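Residue numbers (my numbering): 11 to 295.
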């Protein structure tokens, strides 16, 4: 079943058949006409904000999991930021008086609505009306998060626990010793039980792909919002090096797509197995 909302697709059966739910918040490439009229940067310059074709990878990896895939781009609204991360240098509706201390991302121009791309490129022609940003929150942001939350609740109700995979892709890591091509994030242990991370790390190790945990990506707002291990809701982030599934230009699906999708498929299956094993252990006590 594929349900379409204004700006995202929900794939999978309405009644859960897996404890795993997959979120793909940054793969969108459908740039709204209102955005094209309001930006000063060319669309090609916004590509660095995209997790390029990670949605294609996710669809290739999906089994029977519920999967929620955003279609509009991160440059329109970033689902992995808090609603409060509204940029006062861009958004007339941002009121620092009622906001928490600005995060490093927000100070860098990567708030709820990104202001910049790369080191210097300004995205928008001018300031955004607060009512327009609020409309994006109401029409795009909240429905996505509500759908993720509903899928997790349904999975937990059926299986005793649920596991969210927040799927992203990353540019190749270039720092000293940074050989990882997959980075797992669990907010330093806060968003998921360690047994779930151990299972997907084992899948990466078996494939011979270098991986890391929480460095340099530990997960963001989606894990904070939906991960609650004490309530049977676990959330992990998976960052995939784009070289694994894109072409040499890191633009279109490449020869590695099928193998990378197969690896993700095994990770989803391992997480489901671990969730069900945990339920069986509790029942046996």
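Beta carbons: idealized from backbone N, C-alpha and C, even for Gly. Please read all numbers here as calculations on a predicted model, not as lab measurements.
Under 7 Å between C-beta atoms of residue i and residue j
i	j	result
residue 119	residue 58	no
residue 178	residue 95	no
residue 195	residue 228	yes
residue 97	residue 121	yes
residue 209	residue 284	yes
residue 48	residue 125	no
residue 277	residue 213	yes
residue 37	residue 65	yes
residue 146	residue 232	no
residue 222	residue 190	yes
residue 256	residue 264	yes
residue 55	residue 132	no
residue 157	residue 20	yes
residue 90	residue 42	no
residue 243	residue 172	yes
residue 287	residue 239	no
residue 32	residue 60	no
residue 143	residue 101	yes
residue 18	residue 78	yes
residue 235	residue 29	no
residue 174	residue 245	yes
Bounding residues of the beta strand (DSSP E) (the contiguous stretch that carries residue i)
i	result
residue 49	Counting along the chain, residue 49 falls outside any beta strand (DSSP E), and DSSP gives it neither H nor E.
residue 240	Run containing residue 240: none; DSSP gives neither H nor E here.
residue 179	172-180
Three-state class that DSSP yields for residue i in the structure shown
i	result
residue 212	helix
residue 20	strand
residue 93	coil
residue 162	helix
residue 198	coil
residue 167	helix
residue 271	helix
residue 223	strand
residue 133	coil
Neighbour-count burial assignment, residue i, 16 or more Cβ in a 10 Å radius
i	result
residue 105	exposed
residue 237	buried
residue 137	exposed
residue 139	exposed
residue 14	Per-residue confidence for residue 14 stands at a pLDDT of 45, beneath the threshold of 50, marking its modelled position as unreliable; the derived number appears in the next sentence. Classification of residue 14: exposed, given that the 10 Å Cβ count is below 16.
residue 108	exposed
residue 270	buried
residue 80	buried
residue 192	buried
residue 218	exposed
residue 181	exposed
residue 261	exposed
residue 258	exposed
residue 72	buried
residue 40	exposed
residue 83	buried
Range covered by the alpha helix (DSSP H) that runs through residue i
i	result
residue 232	231-236
residue 150	Looking at the DSSP string, residue 150 is not in any alpha helix (DSSP H), and its letter there is neither H nor E.
residue 258	Note, residue 258: premise wrong, no alpha helix (DSSP H); not H, not E.
residue 123	Where residue 123 is concerned, there is no enclosing alpha helix (DSSP H), given that its DSSP letter is neither H nor E.
residue 145	140-146
heavy atom of the ligand SAM below 6 Å from residue i C-beta
i	result
residue 240	In the structure shown, the ligand SAM is absent, as is every other ligand, since no ligand is present at all.
Complete runs of the alpha helix (DSSP H) confined to the stretch 33-117 [at least 4 residues]: Listed in chain order, they are 43-48, 64-71 and 114-117.
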